[in-house]
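Notes follow once the structure below has been shown.
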Amino acid sequence: MTLVTAGGAGAERASNHTAFVVDQLGRSIVAGEYPAETMIPLDPDLCEMFGVSRTVVREAKKTLIAKGLIQSKAKVGTHVRRGDEWNMFDEDVLRWHATARNPTRFYEELYEIRMIFEPAAAAQAAGRVNQLDLDELHALCDRLAAADNRTDFAVADYEFHKQVLRLSGNRFLQSLGDLVQTALYSLFMSEHVGDFSDRRESVAQRHRAIVSAIASGAQTDAREAMSRVIQDGYSNVVMRGPVTG
Numbered sequence: 176m177t178l179v180t181a182g183g184a185g186a187e188r189a190s191n192h193t194a195f196v197v198d199q200l201g202r203s204i205v206a207g208e209y210p211a212e213t214m215i216p217l218d219p220d221l222c223e224m225f226g227v228s229r230t231v232v233r234e235a236k237k238t239l240i241a242k243g244l245i246q247s248k249a250k251v252g253t254h255v256r257r258g259d260e261w262n263m264f265d266e267d268v269l270r271w272h273a274t275a276r277n278p279t280r281f282y283e284e285l286y287e288i289r290m291i292f293e294p295a296a297a298a299q300a301a302g303r304v305n306q307l308d309l310d311e312l313h314a315l316c317d318r319l320a321a322a323d324n325r326t327d328f329a330v331a332d333y334e335f336h337k338q339v340l341r342l343s344g345n346r347f348l349q350s351l352g353d354l355v356q357t358a359l360y361s362l363f364m365s366e367h368v369g370d371f372s373d374r375r376e377s378v379a380q381r382h383r384a385i386v387s388a389i390a391s392g393a394q395t396d397a398r399e400a401m402s403r404v405i406q407d408g409y410s411n412v413v414m415r416g417p418v419t420g
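Per my numbering, the very first residue in the sequence shown carries number 176; after that it's consecutive.
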């Protein structure tokens, strides 16, 4: 049996409170409630706002500073940094953008970076996979086509793209892809995303084209098939309401 001391329990509560303050302030900053170059509330006001201690507020601010969202200056206060100074490869920053009320510009940027590395990953994977890898990709395509709810569809899509990135054999691509796909998953699961059910079979077919190209070792075809999937997904976001790609 594990004995939890009073001090340990107190530290855990403080950690939870800090995470809550980080999440609430981070969401507000990303949503534009505190525009760039403006000051966030002073520490006593934040303590009252969230019902936490000054220690919690200080730790939360340190975390947000590390994420690039805010900057603190002695005798001046803490102001919000410009959006181009934020750490966009921080998991929380990505999540806050994906769940914002209007993530259109964020999705455009997400589309741009996916077009840079995912087609290259598909080309890299072509011809270097075994039958077990292909069976898994085919099974994920089947899951896309058969999904009867948004969560199952989003998870199948996430796992498909993650698998292609893994098959590229490049660890940098895998790590980068994990972050981007997590953001895409959050975006797809957000409340402003439209229905997917009328497009799931066509989406699955486009993913199957990627598998076929990878299986045949056709790097150009694999690159182009992945590009079409990403482009089609983006078009559906712009024209009809988001669908994952």
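The beta carbon of each residue, even a glycine, is placed where N, CA and C say it ideally should be.
Rounding to the nearest angstrom, what Cα-Cα distance links residue i and residue j in this structure?
i: GLU260; j: GLY207; result: 15 Å
i: SER377; j: ASP265; result: 33 Å
i: ASN277; j: LEU362; result: 10 Å
i: GLY252; j: ASP218; result: 9 Å
i: LEU200; j: ASP308; result: 42 Å
i: ASP323; j: MET364; result: 14 Å
i: ARG318; j: GLN349; result: 22 Å
i: LEU342; j: SER247; result: 43 Å
i: PHE225; j: ALA358; result: 27 Å
i: GLU293; j: SER402; result: 8 Å
i: GLY408; j: PRO210; result: 30 Å
i: GLN299; j: GLY352; result: 14 Å
i: ASP327; j: ARG229; result: 42 Å
i: GLY302; j: ALA400; result: 15 Å
i: ASP373; j: VAL339; result: 25 Å
i: VAL231; j: VAL196; result: 8 Å
i: HIS313; j: LEU221; result: 51 Å
i: PHE304; j: ILE385; result: Checking the displayed sequence, the identity of residue 304 turns out to be Val instead of Phe. If I take the Cα positions, the gap works out to 13 Å.
i: ALA295; j: PRO216; result: 45 Å
i: SER203; j: LYS236; result: 13 Å
i: ARG383; j: VAL205; result: 36 Å
Looking at the secondary structure, which residues open and close the beta strand (DSSP E) in which residue i lies?
i: THR253; result: 252 to 255
Can you say whether residue i is buried or exposed, counting buried as having 16 or more other CB atoms within 10 angstroms of its CB?
i: ILE291; result: exposed
i: ASN262; result: exposed
i: ASP332; result: buried
i: ALA241; result: exposed
i: ASN191; result: exposed
i: LYS250; result: exposed
i: MET214; result: exposed
i: ALA321; result: exposed
i: GLU223; result: exposed
i: ARG257; result: exposed
i: GLU283; result: exposed
i: PHE281; result: buried
i: ARG289; result: buried
i: THR395; result: exposed
For the alpha helix (DSSP H) containing residue i, list its first residue and its last residue.
i: ALA206; result: Element bounds for ALA206: n/a, residue is neither H nor E.
i: MET224; result: 218 to 225
i: ARG383; result: 375 to 391
Report the CB separation of residue i from residue j in whole angstroms; it is logged as a contact under 8 Å.
i: VAL255; j: GLU212; result: 7 Å
i: LEU354; j: GLU334; result: Not really, about 15 Å apart at Cβ, beyond 8 Å.
i: GLN306; j: LYS337; result: So it is not a contact: roughly 19 Å between Cβ atoms.
i: ALA329; j: ILE389; result: No, ALA329 and ILE389 are not in contact; Cβ-Cβ is about 22 Å, not under 8 Å.
Requested in this report: Scan the stretch 239 to 305 and note each continuous alpha helix (DSSP H) run of 4 residues or more that stays entirely inside, going in chain order.
Outcome: Runs of the alpha helix (DSSP H) inside the stretch 239 to 305: 266 to 273, 279 to 300.
Query raised in the report: Which full runs of the alpha helix (DSSP H) of 4+ residues lie inside the stretch 302 to 362, going along the chain?
Result: Within the stretch 302 to 362, the complete alpha helix (DSSP H) segments at least 4 residues long are 306 to 321, 325 to 342, listed from N- to C-terminus.
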